[in-house]
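Colleague: Residue numbers (my numbering), protein chains in the order written: chain A, 1 to 105; chain B, 106 to 214. Yeah, the Cβ is synthetic: ideal placement off N, Cα and C, and Gly gets one too.
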Amino acid sequence: MNIQTDIERKLREAFDPVHLEVVNESANHNVPPGSESHFKVTIASQAFEGERLVGRHRKVNAVLSEELAGRIHALALHTLTPDEWFERAGRVPDSPPCLGGSKAG
Amino acid sequence: MDALERIKQQVESHPVVIFMKGTPQFPMCGFSSRAAEALKQCGQEFAYVNVLADQEVFQALPQYANWPTFPQIYIDGELVGGCDITLELFQSGELKKMIDEATAKRKSA
């Protein structure tokens, strides 16, 4: 089963987002080719209205708890309300470059 | 002292603490590096715990505040979030305000 597809499906079902982008950034990291370990999620949804960032991230983490418990290693997360999404014209920051992680020893 | 107790002690005894991979001088992960850099730029001293140097803390930290990923940033005893939230608050100027307030509170206590 493709993890990226699972993440997209779960987030769509849970948040009915006006925008959802899930990017597999694993190739930028210290993992074998074809890995599904590092993801970046940009999601804009009414469900985040009136909620602080920490609360929004908690909601997403809860929906992806199974993935975060072992299948994925990193999740960059940009959670926006529909208004914030349009104000920013859809721009979110790039994820940081890999510095070796736990495997750099 | 078990790992959760040690985490609690770190969180409660410092106005600002980051649990990160590596150290602010030698970060081992891009997310930890960026979060520590944002803290540095706020100009106050902050504490750090290298989770790669303490396997018990590494394993226990996700349970502590029910937050599954690293780094984790705590200000005034409370989880602020991870890298993305810290950077967002830094860019809006809110992070510096929170850190200044937490530091001043400890100094006057």
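#1: Drop a sphere of 10 angstroms on the beta-carbon of ASP83/A, count the other beta-carbons inside from all chains shown, and report buried for 16 or more, exposed for fewer.
#2: Select from VAL92/A, GLY70/A, GLU67/A and ARG71/A the residue whose C-alpha is nearest the C-alpha of THR79/A.
#3: Any idea if ASP107/B is buried or exposed, counting beta-carbon neighbours within 10 angstroms, 16 or more meaning buried?
#4: In angstroms, rounded to a whole number, what distance separates the CA positions of ALA104/A and PHE131/B?
#5: When we look at the beta-carbon of ARG56/A and count the other beta-carbons within 10 Å, is it buried (16 or more) or exposed?
#6: State whether the segment 108-118 of chain B contacts the segment 127-142 of chain B, with contact taken as three or more CB pairs (one from each stretch) at a distance under 8 Å.
#7: Mind checking whether ILE204/B and VAL122/B have CB atoms under 7 Å apart?
#8: Quick one: any contact between the segment 182-191 of chain B and the segment 158-167 of chain B, if contact means 3 or more CB pairs under 8 Å?
#9: May I have a chain-ordered list of the alpha helix (DSSP H) segments no shorter than 4 residues that lie completely inside the segment 4-82 of chain A?
#10: Would you say HIS57/A reaches chain B, if we count a Cβ-Cβ gap shorter than 7 Å as a contact?
#11: 7 Å is my cut-off, CB to CB: does CYS147/B come that close to chain A?
Modeller: According to the data block:
#1: For the purposes of this step, residue 83/A is taken as the residue at position 83 of the first sequence. ASP83/A should be labelled exposed.
#2: Reading the first sequence from its first residue, position 79 is the one you call residue 79/A. Cα-wise, what sits closest to THR79/A is VAL92/A.
#3: Working through the second sequence from its first residue, we reach residue 107/B at position 2. Its Cβ having fewer than 16 others within 10 Å, ASP107/B is exposed.
#4: Counting from one through the first sequence, the residue named residue 104/A turns up at place 104. Counting from one through the second sequence, the residue named residue 131/B turns up at place 26. Because ALA104/A carries a pLDDT of 45, less than 50, the predicted location of this residue cannot be relied on, and the following value inherits that uncertainty. About 12 Å.
#5: Position 56 of the first sequence, counting from 1, holds the residue named residue 56/A. That one is buried.
#6: no
#7: Against the second sequence, residue 204/B aligns to sequence position 99. Against the second sequence, residue 122/B aligns to sequence position 17. In this structure, VAL122/B does not lie closer than 7 Å to ILE204/B by Cβ.
#8: no
#9: 53-63
#10: Position 57 of the first sequence, counting from 1, holds the residue named residue 57/A. So, interface residue.
#11: Position 42 of the second sequence holds residue 147/B. Cβ-Cβ to chain A under 7 Å: no for CYS147/B.
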